[in-house]
Amino acid sequence: MIEIGWYSVKLFLKGKLIRDPLHFLQQTLIAVTVGLLVFILLAQAAIPLCIPVTLSSLTTGLMMPFLLKDFKMK
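Position one of the sequence shown corresponds to residue 15 (this note's numbering), numbered consecutively onward.
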């Protein structure tokens with residue numbers, strides 16, 4: 015399992031893993047931005063910090079499959 019992950023990291027760093035890296039980066043940045051926005055807005059409320067962290071992580075995690083549904087690898 016570690017060998018497969020290491021192989022993927024080496025291909026990614028060589029630029030041979032993702033067919034369109036700019037599209038991947040754009041979609042990832044969209045999800046990260048929305049998750050960060052949710053976190054910042056909820057962190058302003060007088061609630062424990064674990065709730066904004068959990069909800070922003072859940073939001074980002076739910077968005078990623080939809081944003082990367084057309085993701086293509088080489």
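Glycine included, every Cβ here is placed at the ideal spot set by N, Cα and C.
Top-ranked residue by Cα proximity to residue i, from the options
i     : options                    : result
Leu69 : Leu51, Phe80, Pro79, Phe85 : Leu51
Ile79 : Phe38, Ile18, Trp20        : According to the sequence displayed, residue 79 carries Pro and not Ile. Comparing Cα positions, the closest option is Phe38.
Leu71 : Ala45, Trp20, Ile16, Asp84 : The displayed chain sequence assigns Ser, not Leu, to residue 71. Comparing Cα-Cα distances from Ser71 to each of Ala45, Trp20, Ile16, Asp84, the minimum goes to Ala45.
Gly75 : Ala59, Leu43, Leu55        : Leu43
Span of the alpha helix (DSSP H), counted from its first residue to its last, around residue i
i     : result
Gln41 : 35 to 57
Leu81 : 64 to 81
Nearest-angstrom Cα separation, counted from residue j out to residue i
i     : j     : result
Gly49 : Cys64 : 14 angstroms
Ile61 : Phe53 : 12 angstroms
Ala57 : Pro66 : 6 angstroms
Leu82 : Gln41 : 7 angstroms
Leu31 : Ala59 : 41 angstroms
Asp84 : Pro35 : 12 angstroms
Gly29 : Leu55 : 36 angstroms
Minimum Cβ-Cβ distance from residue i to chain C less than 9 angstroms
i     : result
Thr74 : The chain labelled as chain C is not found in the depicted structure, where only one protein chain is given.
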